[in-house]
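Accompanying notes for the structure given below.
Number of protein chains: 2
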Amino acid sequence: MTATSTTAIGTLAARLRTVLGTDRVISDRQELRTYECDGLAQYRVVPALVVFPHTAAECAAVVKACAAAGVPFVARGSGTGLSGGALPHADGVLIVTAQMRRILELAPADERAVVEPGVINLQVTRAATPAGYYYAPDPSSQQICSIGGNVAENSGGAHCLKYGFTTNHVTGVEIVTPDGDLVRLGGRAPDAPGYDLLGAFVGSEGTLGIATEVTVRLVRLPETVRTLLAAFDTTDAAGAATSAIIGAGVVPAAIEMMDALAIEAAEAAVHCDYPAGAGAVLIVELDGPAADVEAQFVAVERLCRDNGAFEIRIAADDAERALFWKGRKSAFAAVGRISPDYIVQDGVIPRTALPDVLRRIGEIAAEHGVRIANVFHAGDGNLHPLVLFDDAADGQAARAEAASGAILDLCIEYGGSITGEHGVGVDKAKHMPRMFTADDLDTMQLVRCAFDPRGLSNPGKVFPTPRLCGEVPGRHKGAHPLQEAGVAEVF
Amino acid sequence: MTATSTTAIGTLAARLRTVLGTDRVISDRQELRTYECDGLAQYRVVPALVVFPHTAAECAAVVKACAAAGVPFVARGSGTGLSGGALPHADGVLIVTAQMRRILELAPADERAVVEPGVINLQVTRAATPAGYYYAPDPSSQQICSIGGNVAENSGGAHCLKYGFTTNHVTGVEIVTPDGDLVRLGGRAPDAPGYDLLGAFVGSEGTLGIATEVTVRLVRLPETVRTLLAAFDTTDAAGAATSAIIGAGVVPAAIEMMDALAIEAAEAAVHCDYPAGAGAVLIVELDGPAADVEAQFVAVERLCRDNGAFEIRIAADDAERALFWKGRKSAFAAVGRISPDYIVQDGVIPRTALPDVLRRIGEIAAEHGVRIANVFHAGDGNLHPLVLFDDAADGQAARAEAASGAILDLCIEYGGSITGEHGVGVDKAKHMPRMFTADDLDTMQLVRCAFDPRGLSNPGKVFPTPRLCGEVPGRHKGAHPLQEAGVAEVF
Chain A
-13 MTATSTTAIG TLAARLRTVL GTDRVISDRQ ELRTYECDGL AQYRVVPALV
37 VFPHTAAECA AVVKACAAAG VPFVARGSGT GLSGGALPHA DGVLIVTAQM
87 RRILELAPAD ERAVVEPGVI NLQVTRAATP AGYYYAPDPS SQQICSIGGN
137 VAENSGGAHC LKYGFTTNHV TGVEIVTPDG DLVRLGGRAP DAPGYDLLGA
187 FVGSEGTLGI ATEVTVRLVR LPETVRTLLA AFDTTDAAGA ATSAIIGAGV
237 VPAAIEMMDA LAIEAAEAAV HCDYPAGAGA VLIVELDGPA ADVEAQFVAV
287 ERLCRDNGAF EIRIAADDAE RALFWKGRKS AFAAVGRISP DYIVQDGVIP
337 RTALPDVLRR IGEIAAEHGV RIANVFHAGD GNLHPLVLFD DAADGQAARA
387 EAASGAILDL CIEYGGSITG EHGVGVDKAK HMPRMFTADD LDTMQLVRCA
437 FDPRGLSNPG KVFPTPRLCG EVPGRHKGAH PLQEAGVAEV F
Chain B
-13 MTATSTTAIG TLAARLRTVL GTDRVISDRQ ELRTYECDGL AQYRVVPALV
37 VFPHTAAECA AVVKACAAAG VPFVARGSGT GLSGGALPHA DGVLIVTAQM
87 RRILELAPAD ERAVVEPGVI NLQVTRAATP AGYYYAPDPS SQQICSIGGN
137 VAENSGGAHC LKYGFTTNHV TGVEIVTPDG DLVRLGGRAP DAPGYDLLGA
187 FVGSEGTLGI ATEVTVRLVR LPETVRTLLA AFDTTDAAGA ATSAIIGAGV
237 VPAAIEMMDA LAIEAAEAAV HCDYPAGAGA VLIVELDGPA ADVEAQFVAV
287 ERLCRDNGAF EIRIAADDAE RALFWKGRKS AFAAVGRISP DYIVQDGVIP
337 RTALPDVLRR IGEIAAEHGV RIANVFHAGD GNLHPLVLFD DAADGQAARA
387 EAASGAILDL CIEYGGSITG EHGVGVDKAK HMPRMFTADD LDTMQLVRCA
437 FDPRGLSNPG KVFPTPRLCG EVPGRHKGAH PLQEAGVAEV F
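Structure (structure tokens):
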């Protein structure tokens, strides 16, 4: 940081302390280091300031002060994101919304709750459960991640196969624009007139502003949940079973797959006692009315057997169900037991391409001399390959990075996407041009520049190269034709 | 039209004839009159030219020529819209996409179809049915309305309660931007990185460009469909039954309500033989796996009786089911049998407010001295009040218009919306400030101006007052902070 910018930050800090009080503005270097990264620890940047607004008005005042000072700002919820979306800016303010954690309204009869952005995902479900409802999107981090972060990243989860992503469960937000204005997008109704700016905002990763209030859908708790674990010789067989289940018209709440290496890691970490010798396991969960679930569960069991399952276990109670999930949910961390370092990749392919793509991932592993474990949401083709490497071994990190990138190319080749639920953040910005043409990216920049022409709101995220908004190949400029004296004059 | 603009249009027509051939450019005044309105016939404007592109490239060339000439353009599919979204511009080009009607790809195993914008809604279902799939959004006009028009208006339908609107069933589009560039938004995957511009485009009513290719979700045909018709003394009782059904965790494919006046009209027109003396009827349809539907159907029947249904009929076969729906689907047109003129209103309220709002609509009718029939999607609170009047009677039209507007105010008062599925178009642009603050509307204008700074793409629709894009209260202008020498210089 330059001396002049230090002065500028000092001036801004003083202004923010008058807004928030001294104890909610951090400028001490040691304290600031706590916030140097989010869930993607490979990127670390110490912010210039960290602030903790308690209300929408305070959040707007902070952004207004940043805008007036020309200082960039980054919003952070619980800091669990996996793409570095909440990575701080070295010369900027980190706005932590974690203390905005009130549930403002519960209206189960209207299937709605209104919450502040710092409310923890699982707290919404806990608050709604007594009335018989829950909040459906369930990232693995749901015990700690915030609704505001979920909105920024359009978070998914195992049960998004049946229930959809965050964007399908948010009907309205109040946001602070990059200028510091409070604006409402959407509302309580399922759909609003005018542009669906709510949809554009959800998943915009903090680049269009900061959510200060979120209206979410509540979903009725299912009458029954049934879960089975099926073991197969190969991922091909497990992939074929997945396609057969969906093709039969069954939409399970979740279909999760783990391959042999992922099973090995989970066993080493949590002793989940999955069937010995499995080349792949599927966890299939059905929920809904009991009569429906029972009939479909029989069909799912048969389809697994028809496609080569050599062992099927059916959870007898919640405890056994929890055991099935324990292996799956611990898998990412468990990989640390069998490899010193690893990259968590996140991509999407059409479900029918699963067998092909898993074979090709095996080839990529062989070509690059790395091991790749696969743990993923099979039902919606959302892959999470874990690329294992040893950072201490010469060249391995580079080969792992190359293999990880090759997997994204593979996803694109099969008509999929470079991220299913972790977001672009700082991590995948460079991959955006693999998926989008320059025209596609320029079209997105039109919106970014409309909301945030100086790029103060979470700069350096999502888009591959920061550029002056004036550089975006423009739409024609000129007067509105209705304002012209006549059409001919425009010629 | 001025003499100079006539010359300009002549020059443009000549250019378009070189692109499309002479027979696909209409400039004859009599022929042009065919296109003077869409489904909302109270607004009529004869366009300067009508053109029929056959491909995306031709459509792009037409828009590019319009942009170069500064001439506004309006897209039109089948012309069935009910908010005047496809009303032509007197000095502009009407681009009819009805001849772009190829189904480009059917991929039922991936639950996707790729179609041109002129493809008729029901044709997608017809093409997918042999494979066991269908296209879920079902506007009443589905036998004639186009997918492109559905995308523009984010069309709904009776079964959107369970299945969602058009925006929930489109995963990708190719569009012509207002500059004439071809750009892709979204794709085949359920979600794409970057801004959800696809979501913003769907429902943008032609103001952000023209869809030239649409990738839609296909949904598995349900195993079973069961339909009942329940008669109640009052709309209060029918509303309470609706809330009880949803509150029990049942999500029917459709819950439709008609009040006494709507029943009277339907009887007069199609002799649907609904139960005599009913103050309201509900049509409740369940679909899905047989075991599920049977169990839930029993629950629905019981909940209707518990809430005062004095007669319940269960459709024994498809013929009887069709009879139940005949009264409902003919209701709008049927109102013509009991009133010389009528306004079809479209608004949304929270479902739990139904009894209150229907009572207030009754009061509005009394206050304004008009009759109001109610036919609507009760399950999602999407009202369609029909305000009856006689244009020949002094002052009745004005009173009907006032009553119709008062109903929209009522929807907003209860936290709902001024349109559920018909769109804003030219008809409701003036009502937008009742629902949105000036800041909200300015935020939408940021996007409009980013895509279409000269307002050439469907001008005069959606937004209440055309304004120069330079007049939109701006976000701060300036250089990107990353490009600055240091933060301090910005102070």
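In order, the protein sequence lines correspond to chains A and B.
To convert, note that position 254 of the first sequence is 240 in this note's numbering; the numbers rise steadily by one, no gaps.
To convert, note that position 341 of the second sequence is 327 in this note's numbering; the numbers rise steadily by one, no gaps.
We put the CB at the ideal spot given by N, CA and C, even for glycine.
A:L369 and A:G333 do touch by the CB rule: their CB atoms are close to 5 Å apart, below 8 Å.
Residue pairing by DSSP puts A:I269 in a beta bridge opposite A:L215 and A:E242. By the rule that beta-carbons nearer than 7 Å mark a contact, A:Y181 touches chain B. What B:E209 touches in chain A, judged by beta-carbon distance under 9 Å, is G235, going in chain order. Apart from the 5 residues on each side of it in sequence, A:E250 sits with its Cβ closer than 7 Å to the Cβ of I324 in its chain, given in chain order. Assigned with DSSP and collapsed to three states, B:T338 falls in helix. Note on geometry: alpha-carbon atoms of A:C146 and B:P439 lie some 38 Å from one another.
Excluding residues up to 5 positions away in sequence, A(-1) and L35 lie with their Cβ nearer than 6 Å to the Cβ of A:S13 in the same chain. Contact between the region 119 to 135 of chain A and the region 160 to 178 of chain A is absent: fewer than three C-beta pairs spanning the two stretches fall below 8 Å.
Taking CB atoms only, A:T405 has a neighbour in chain B less than 7 Å away.
Annotated three-state conformation of A:R299 is strand, per DSSP. Note on geometry: alpha-carbon atoms of B:R87 and B:T198 lie some 10 Å from one another.
Interface residue (Cβ-Cβ distance to chain B less than 7 Å): A:S190 is classified as such. Of all residues in the region 404 to 427 of chain A, those with a C-beta nearer than 9 Å to a C-beta of chain B are I404, T405, G406, E407, G409, V410, K414, H417, M418, M421, F422, T423, D425, D426 and L427, reading in chain order.
In the structure shown, B:D182 falls within a coil segment according to DSSP collapsed to helix, strand and coil. DSSP places A:E399 inside the alpha helix (DSSP H), whose first and last residues are Q382 to E399. Within chain B, the C-beta atoms nearer than 7 Å to that of A:V169 come from D425, D426 and T429, in chain order. Using a CB distance cut-off of 7 Å, B:G402 counts as an interface residue toward chain A. Non-local beta-carbon contacts of B:Q331 in its own chain, meaning distances under 6 Å to residues more than five positions away in sequence, involve P371, S390 and I393 in chain order. If you check the CB distance, B:A252 and B:G313 come in under 7 Å.
Interface criterion not met: the Cβ of A:A51 is under 7 Å from no Cβ in chain B. Those residues of the region 122 to 155 of chain A placed with their C-beta closer than 9 Å to a C-beta in chain B are N140, G142, C146, G150, F151, T153 and N154, ordered along the chain. Residue burial annotation: B:H75 is buried, with at least 16 other C-beta atoms found within 10 angstroms of its C-beta. Using a CB distance below 7 Å, the part of the region 307 to 334 of chain B facing chain A consists of V334, ordered along the chain. Taking 7 Å as the CB threshold, B:D96 lines the interface with chain A. With the criterion set as a beta carbon lying under 8 Å from some beta carbon of chain B, the members of the region 337 to 359 of chain A are R337 and T338, in sequence order. For B:N360, the enclosing beta strand (DSSP E) has its first and last residue at R357 to H363. Less than 7 Å divides the Cβ of A:L289 from the Cβ of A:I231. Residues of the region 282 to 304 of chain B with a C-beta less than 8 Å from any C-beta of chain A: Q282, listed in chain order.
Beta bridge pairing from DSSP links A:P371 with A:N360. Taking a Cβ-Cβ cut-off of 9 Å, the neighbours of A:V448 in chain B comprise P179, G180 and Y181, given in sequence order. Contact of A:P275 with chain B is assigned, a C-beta pair being separated by under 7 Å. A:A252 has a beta carbon lying at 7 Å or more from every beta carbon in chain B. Between the beta-carbon of B:A217 and that of B:A246 there is about 11 Å, and that puts the pair past the 8 Å contact cut.
The beta carbon of B:D377 sits no closer than 7 Å to any beta carbon of chain A.
Positions of the beta strand (DSSP E) runs, each at least 3 residues long and wholly inside the region 78 to 152 of chain B, are given as 79 to 82, 89 to 93 and 98 to 101 in order along the chain.
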